[in-house]
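Numbering (this note's numbering), first residue to last: 572 to 1199. By construction, the Cβ of each residue, glycine as well, lies at the ideal position given by its N, Cα and C atoms. Some notes on the structure that comes next.
Structure, rendered in structure tokens:
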């Protein structure tokens, strides 16, 4: 029984790789031992030979070039020199090159070979193992002497595996007898619990968050000797870099980030394009409003928001539109803008450039220069505004399915470079002079438009207004005039003649990977209501002149946002017509705004706003018990 148990139980030893000391008689001979000369003399001979023949061959080739002699016509000394060059090169590459290349390619992992200190400690452990003199059959403590404390937080992650994964640390190395029946089961582990995860992730590799090597990097970041922004390039692992940066931030600020998720996100997808120096990601719930019946098609509209009642209210508006034969949306204009500012020595020179740019005869030439920047960017117009010696040039161009800010900027730069030939005294102050205008409320966007200009309308039947919206046509028309039109005018609103268009725009923008900051101009909207069909039904429309959206580039490529675009049927670039997907997304945004306006205005007219928000938009948690 003891013999069978001894053969079944294997000793468990947790050690890091250590050096191996070969016996003297096992030491293999070196290739250099076969050389007739000492190694340093052999190297000196080949070094001298190599550089001598190189100098000789270069000198001969220079003389041939001067004398117009073909280089392939070689003499006997040159043939000997070539053979000597090849032989010395082979020797030097073999002696120096192979080891150098191997040292670059075959490197031991930093997690396994942690340094000379570990190797020396492991040598001591091996000597202690060898020094045991207790018979193998005795019950003895065969556990490995405790290593210096090195805390590890290990997260084992597996693709589409949501079962809890139990991960052991070094403390899980237990006492194992060489021959006795010892209880080595996991229930005898020390009180420190292992880490358990259950998340869908993108890869199967084990990610070590705080090894001793990582601890040194964290200390360097905290001390300021290692820039936090360089972690991705230094480590080659974006998630590990985020974990280290996160820990360093917690130590620097003394504040916990325990509520900010780290796992479950593909940090490779945002590297160099979406976000710098990440430490986690924010969770925003996504709700669905719809189906929205628009232009004869149904859409389920994704909305990412933390405002209660918003999705429910928009959903009610979608229902009212669906019961009234749907809404119609029309694209009026599609063109992204960029407006650089340039300066001249006199206002007269600025006016001369203005006349040149606005002359129709020069447009084709400028369009050719502009269109070189992209196969989708096509110049549509140039409008100028002058302020003294300063000239603002507002370029408008189509951008395909991209939102297009970068595309139009490249085209503008091409034109500015071209203009320097005829206007060398033109001083370019900035590629953007705020006459565009981007991420700011501006009358030029409200009047001229920017991005997609869309109008959407619907006729809501009187019965639907009474039964679904719980109000009347007369009340809605009166409220719209006094609130959205007169009230906004009293406030001096700029493009804000609506109830809450920015609510819907921002929620859809976040869900579909748009730039949330562009909700400023994208939310420009005027809502109109009037009674039709002898006052029985309601005609409602929203006009939005500057919706800035795209279905390629930026945040649209991320997994969650891409899924929301796919839900709407506008993921990626259109295969049929360039720009069709982004234009369709703009019409969907306008249709959703129409639904949101209809529902909120009905709630205000019926006096239901406060009651619904008190019921659905208030937390039931006792916030006084929550820690800061």
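Cα atoms of residue 613 and residue 632: separation of roughly 29 Å, rounded to the nearest angstrom. With fewer than 16 other Cβ atoms inside 10 Å of its own Cβ, residue 795 counts as exposed. Classified as buried, residue 811 has 16 or more neighbouring CB atoms from the shown chains inside 10 Å of its CB. In this chain, residue 1177 is not harboured by any beta strand (DSSP E), its DSSP state being neither H nor E.
Contact between residue 976 and residue 907 holds: their C-beta atoms lie close to 7 Å from each other, under 8 Å. The beta carbon of residue 1137 is closer than 8 Å to none in its chain, skipping five residues each way along the sequence. Per DSSP, reduced to three states, the secondary structure at residue 870 is strand. Every unbroken stretch of the beta strand (DSSP E) spanning 3 or more residues and falling wholly within the stretch 1088-1137 is given here in chain order: 1096-1103 and 1108-1118.
Burial is judged here by how many other beta carbons sit within 10 angstroms of a residue's own beta carbon; residue 626 has fewer than 16 and is exposed.
About 31 Å separates the beta carbons of residue 944 and residue 1026, which is beyond the 8 Å limit, so they are not a contact pair. Shown here, residue 826 sits in coil according to DSSP, grouped into three states, outside any helix or strand. Annotation for residue 800: no alpha helix (DSSP H) segment contains it, and DSSP assigns it neither H nor E.
Here residue 972 is near residue 1152, since their CB atoms are less than 8 Å apart. Bridge pairing for residue 935: absent [DSSP].
Each residue's CA atom was taken as its position, placing residue 1169 and residue 1016 some 25 Å apart. A straight line joining the alpha-carbon of residue 1108 with that of residue 1122 spans about 36 Å.
Of the residues 1149, 961, 919 and 629, the one whose Cα lies closest to the Cα of residue 910 is 961.
Looking at the DSSP output, residue 1026 shares a beta bridge with 901 and 1114. With contacts defined as CB atoms closer than 8 Å, residue 1100 and residue 1069 fail to qualify as a contacting pair. Between the stretch 886-904 and the stretch 1021-1039, the count of Cβ pairs shorter than 8 Å is three or higher; the stretches touch. In this structure, DSSP gives residue 967 an extended state, which the three-state scheme calls strand. Among the bridge pairs identified by DSSP, residue 994 is matched with none.
In the structure shown, residue 855 falls within a coil segment according to DSSP collapsed to helix, strand and coil. Check the Cα spacing between residue 959 and each of 916, 949 and 856: the tightest is with 916. Distance from the Cα of residue 1036 is smallest, within the candidate group 841, 890, 852 and 833, for 890.
Distance between residue 1042 and residue 869, taken at the CA atoms: about 26 Å.
The three-state secondary structure of residue 956, taken from DSSP, is strand.
The beta-carbon separation of residue 662 and residue 622, rounded to 13 Å, does not stay under the 8 Å limit for a contact. Counting the other Cβ atoms within 10 Å of the Cβ of residue 1071 gives 16 or more, which makes it buried.
Straight-line measurement puts the Cα of residue 837 at about 13 Å from the Cα of residue 1126. Counting other Cβ atoms within 10 Å of its Cβ, residue 1020 reaches 16 or more and is therefore classed as buried.
Here residue 1081 has 855, 875 and 1087 as same chain residues with Cβ atoms under 7 Å from its own Cβ, once five neighbours each way along the sequence are excluded. Straight-line measurement puts the Cα of residue 1093 at about 32 Å from the Cα of residue 833. The three-state secondary structure of residue 1070, taken from DSSP, is coil.
In this structure, 827 is the residue among 963, 827 and 1003 with its C-alpha nearest to the C-alpha of residue 851. For the beta strand (DSSP E) assignment, the stretch 1133-1174 encloses no uninterrupted run of at least 3 residues.
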